[in-house]
Amino acid sequence: MISIARLAMAAGLATAAVLTATVGPALAETPTAPTGTVLAAEPGEAISNSYIVVLKPDSAAAEQVTSASQQMARKYGGEIEDNYLTAVRGFHIRMTATQAARLAADPAVQYVEQDAKISLADTQSDPAWGLDRIDQRALPLSDSYTYRSASNVTAYVLDTGIRLGHTEFGGRARNGWDFIDGDSVAQDCNGHGTHVAGTIGGTTTGVAKDVQLVGVRVLDCNGSGSYSAIIAGVDWVTTHAAKPAVANMSLGGSRSTALNAAVANSIAAGITYAVAAGNSDADACQYSPSSAPAAITVGATGSDDARAWFSNYGTCVDLFAPGVDITSAWHNSDTATADLSGTSMASPHVAGAAALALAAHPSWSPAQVRDDLVGTTTTNVVTSPGTGSPNRLLYTGADSVAPTTPTRAPAPKAPQCGPFTNASGVAIRGGQTVKRGRAVSTCSGRASTTSSVTVRVRSPYRARFVAVLVTSGGRTRVLKTATTTARDGNVVMTYRLNLSSYRRNGTWTLRITNPRGARTGYLDSWTLAL
């Protein structure tokens, strides 16, 4: 079931990314070179000559991953497609099976996993009913849905993108990153991501009606993708999340060690994940990310509270939610809707419920959110839940039950200070790192949770440069990693960050690296709002 995306029912081919990086000679051609074990993909799902490499924790710091991957590409052969700095430390590389086996034996490598295809699955049907069901304990439906505000929570939708202008979103949806096209416009040309976003936070179709929505495009127009792109998406969310945050993954495929590790590390970083159980009428523990232990794995029910015939089941499922004939936003126009079925439709109900929990308790950990949602479920109403499944149906009408530690009320948000700009431009040659600082002395207190950094770069290959912010306290925040999927030149990118751990006054520095062999680019300016 590399039915990664809409876990609604359709299969597609993963698209290969663009190349770049290096060709390796010597060791790649040495027949006696040592070899290691490559974690295999399921038959029929493997992407030929495409591998995910995870480095050992002590082998490279986040800022060293890009140079380490280039060195390994030169040593073993291959073309680097992407680097992962946060959720896992590693990279996506294109190389032969022989080269991958030799790379797996490198002492700095924890494991190499073959990349695999992933896709969505939908069926259309009749009008929706899911919101009506989740705020009451028993049938029949009451023709009403009671909800709370979640305007202080951000929901990240790892999917096919979002139609940002749809009336359901009321200007609350924005672009994150597009890992299919390699740019900052995560526009939906499939519909699945828009539908999922509508269920999470649509004005009329959503569980959390005023949540902030961010589209992270990891699946193409056919609803297909690869584990390497999805891991890149999880990595991006882990680095850029504005907390409190929830992420939804209405996608799935065969079990992947690397993807499960990325999700686990992202959850450990404080982001709550709702994931679809899958649509194969099989054990959810056989698939990823539904088998990721710390994620909230969601099965689907129909309007009669019976497990949907397609829904996966088992001990990896945490709870069920409505997933049959769900009406939500669609991508054809700014007012379009569609009725879809799948665990893809169930998972965003839970993501929306998680947003409501986080809105009431912003300091809760992902484990507390999960415990709250599982602990308040309606029990023993799901018929035929499947072997090993908990008989629990999502319920949003209860008071929270998760254990909490007494805390002070959060301080009101401080207004942003700035903007501050360093307009002293500089050329960035291949293999060179340039630094441009900006001293701040007129702001009091700590930076905002919604701080921003705007970078203006001219480059023949904008995707290849790496951007890092060095805070006033000397800590680094990675703004942009090197990819090889964007070829157009100039870029103006704004990165929104929670910098509230750092004092505003002090020197802030932007560090831009242009990889060795890349053509010369130019940093025009950068702007900081604290």
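Note that the sequence shown covers residues -28 to -1, 1 to 502 in mature numbering (1 follows the signal peptide of the UniProt record, and there is no 0).
For glycine and all other residues, C-beta sits at the position ideal for the given N, C-alpha and C.
- Rounded to whole angstroms, N162 and A240 show a C-alpha spacing of 31 Å.
- In this structure, the beta-carbon distance from G369 to T118 falls below 8 Å.
- For V406, the CB contacts under 7 Å within the same chain, skipping 5 residues up- and downstream, are V398, I400, I484, L495 in chain order.
- When the Cα atoms are used, R476 and V427 turn out to be separated by approximately 19 Å.
- Per DSSP, the unbroken beta strand (DSSP E) holding G197 starts and ends at 196 to 198.
- Under DSSP, the beta-bridge partners assigned to D311 are T299.
- Looking at the DSSP output, P294 bridges to T273.
- Assigned with DSSP and collapsed to three states, M67 falls in coil, not helix or strand.
- When C-beta atoms of the segment 168 to 176 are compared with those of the segment 130 to 150, three or more pairs fall below 8 Å, so the two segments count as touching.
- Non-local beta-carbon contacts of F151 in its own chain, meaning distances under 7 Å to residues more than five positions away in sequence, involve R189, V190, A201, A204, G205 in chain order.
- In the structure shown, Y285 adopts extended strand secondary structure according to DSSP, grouped into three states.
- Straight across, the Cα-Cα distance linking S39 with R342 is about 38 Å.
- When the Cα atoms are used, A73 and V60 turn out to be separated by approximately 20 Å.
- Residues of the same chain with a CB within less than 6 Å of the CB of V440, apart from the 5 flanking positions on each side, are T448, V450, R483 in chain order.
- Under the DSSP assignment, S20 falls outside any alpha helix (DSSP H), being part of the beta strand (DSSP E) whose first and last residues are 18 to 27.
- Here R109 is exposed. Its C-beta has fewer than 16 other C-beta atoms within 10 Å.
- Per DSSP, the unbroken alpha helix (DSSP H) holding L231 starts and ends at 229 to 240.
- Along the length of the segment 121 to 152, whole beta strand (DSSP E) runs at least 3 residues long occupy 126 to 131, 145 to 150, reported in chain order.
- For R408, the uninterrupted beta strand (DSSP E) segment begins and ends at 404 to 412.
- Around the C-beta of W336, 16 or more other C-beta atoms lie within 10 Å, and the residue is accordingly described as buried.
- Contact check for V322 against A217 fails: the beta carbons are separated by 8 Å or more.
- The residue among P261, H164, E17, V10 with its C-alpha nearest the C-alpha of N194 is H164.
- Under the three-state reduction of DSSP, Q82 is assigned to strand.
- The beta carbon of S226 sits closer than 8 Å to the beta carbons of M(-28), I(-27), A13, E14, E17, A88, Q258, Y259, S260 from its chain, once the five residues preceding and following it are set aside; these are given in chain order.
- Inter-segment contact for the segment 285 to 302 and the segment 347 to 364 is present: three or more beta-carbon pairs are separated by less than 8 Å.
- Note that the C-beta distance between A331 and T177 is not below 8 Å.
- Membership of K47 in the alpha helix (DSSP H) is indicated by the continuous run 37 to 48.
- Between A248 and A293, the C-beta spacing is not below 8 Å.
- Ranked by how close their Cα comes to the Cα of R120, the residues A219, T421, A327 have A327 in first place.
- Taking a contact as a CB-CB distance under 8 Å, the pair V425 and W498 counts as one, their CB atoms being some 7 Å apart.
- Of the other Cβ atoms in all chains shown, 16 or more fall within 10 Å of the Cβ of R364; this residue is therefore buried.
- S114 and R105 have their alpha carbons spaced roughly 8 Å apart.
- Of the other Cβ atoms in all chains shown, fewer than 16 fall within 10 Å of the Cβ of G409; this residue is therefore exposed.
- By a beta-carbon distance limit of 8 Å, G493 does not contact I298. Their separation comes to about 46 Å.
- In the DSSP assignment, I400 falls within the unbroken beta strand (DSSP E) covering 398 to 400.
- Straight-line spacing of the CA atoms in T58 and C415 works out to 30 Å.
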